[in-house]
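What follows is a short report on a single structure.
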Amino acid sequence: MVGKEKELQIHFSPGFVRLLEVDLHVPDKRVLITGATGLLGRAVYKEFLDNGWDTVGYGYKRARPKFEKVNLLDPEAVRQIIQDVKPHAVIHCAAERRPDVAESQPEYTRQLNVCSSGYIAKESAEIGAFLIYMSTDYVFDGSHPPYRENDTPNPLNLYGKTKLEGERIVLQNHPGAAVLRVPLLYGKVEKLEESSATALFAKVQCHSIAAYIDHWGQKFPTHVDDVARVCRQLAERRIQLKALG
């Protein structure tokens, strides 16, 4: 199957400028997605699948029939899935994203957010697969939003620190990888706790529990479908450029 993407091209001629919409043809490609059972991972999986990619998703605790199960803390297991699938692109969504869990289980969080990311980057680089590492705006302290990619990180909690370490180990092992620092995510949830944006609903529905939020925190919520679309477009563009040499 061949995927299609629209691209705008500008054509110049003496006295005229024409803006044309043309089809970009993307050859059949294979993608491996970690954390495919999560809020973002499900959206990424669907986006690639719906656009003609051979799509393989991996999960762990919530793995289900259409997703494979893998322990990303095992470097040999990581090597095996990448060698078996031989993806052209890898989207690494798996992470311990809950700040409270990160603080209570620091070693596990570091293993998943840092070490496993290094394994995935190393194996992806070895087979020449393009890697997208999903990071977070928690790598910043929140004092001067919105942030750009060249702003200096200053994570305040363990979650942010491990994701920043994950960025660094990914780029050390795979210099051609891309890092996306995504903000607060929302979308179609399987349970309210999957997103901070919907987690408050469970509290406000029960009038006996007060829900506290501050007046100063600035959030830039992003829909998971938008992030998923960017991932696909990045992967397709990178593969096209690679094919052109």
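Under UniProt numbering, think of the first position of the sequence shown as 1, with each following residue one higher. Heads up, the beta-carbon is just placed ideally off N, CA and C, and yes, glycines get one too. Source: prediction; values computed, not measured.
Within the continuous alpha helix (DSSP H) that includes residue i, where are the two ends?
i      : result
Ser116 : 116 to 127
Thr109 : 106 to 110
Gly41  : 39 to 50
Can you round the beta-carbon distance between residue i and residue j to whole angstroms, since I take them to be within the 8 Å contact cut?
i      : j      : result
Asp54  : Asp28  : 7 Å
Ile81  : Ala235 : Not really, about 18 Å apart at Cβ, beyond 8 Å.
Val114 : Glu165 : 5 Å
Are there 16 or more other CB atoms within 10 angstroms of the CB of residue i, so buried, or fewer, so exposed?
i      : result
Thr152 : exposed
Val2   : Confidence at Val2 is low in this model, with a pLDDT of 41, below 50, so its placement is unreliable and the value that follows should be read with caution. Exposed, since its Cβ has fewer than 16 Cβ neighbours within 10 Å.
His144 : exposed
Ala243 : exposed
Val26  : With a pLDDT of only 49 at Val26, under 50, the local geometry of the prediction cannot be trusted, and no value is derived from it.
Arg148 : exposed
Asn150 : exposed
Asp137 : buried
Asn51  : buried
Pro155 : buried
Ile128 : According to the sequence provided, residue 128 is Gly. The question's Ile does not apply to it. Exposed.
Lys66  : exposed
Could you tell me the boundaries of the beta strand (DSSP E) in which residue i lies?
i      : result
Arg98  : Here Arg98 belongs to no beta strand (DSSP E), and DSSP marks it neither H nor E.
Thr162 : No beta strand (DSSP E) holds Thr162; the alpha helix (DSSP H) holding it covers 158 to 173.
Arg30  : 30 to 34
Gly59  : 54 to 59
I'd like to confirm the pairing. Which residues does DSSP put opposite residue i in its beta bridges?
i           : result
Arg181      : Ser135
residue 256 : Because the chain is modelled from 1 through 245, residue 256 falls outside the range shown and cannot be assessed.
Ala89       : Val31, Phe130
Lys69       : Gly59
### Task
Check whether the stretch 167 to 185 touches the stretch 100 to 107, counting contact only when three or more Cβ pairs, one atom from each stretch, lie closer than 8 Å.
no
### Query
Pairing CB atoms from the stretch 116 to 128 with CB atoms from the stretch 171 to 183, are three or more of them under 8 Å?
The stretch 116 to 128, when compared against the stretch 171 to 183, does touch it at the 8 Å Cβ threshold.
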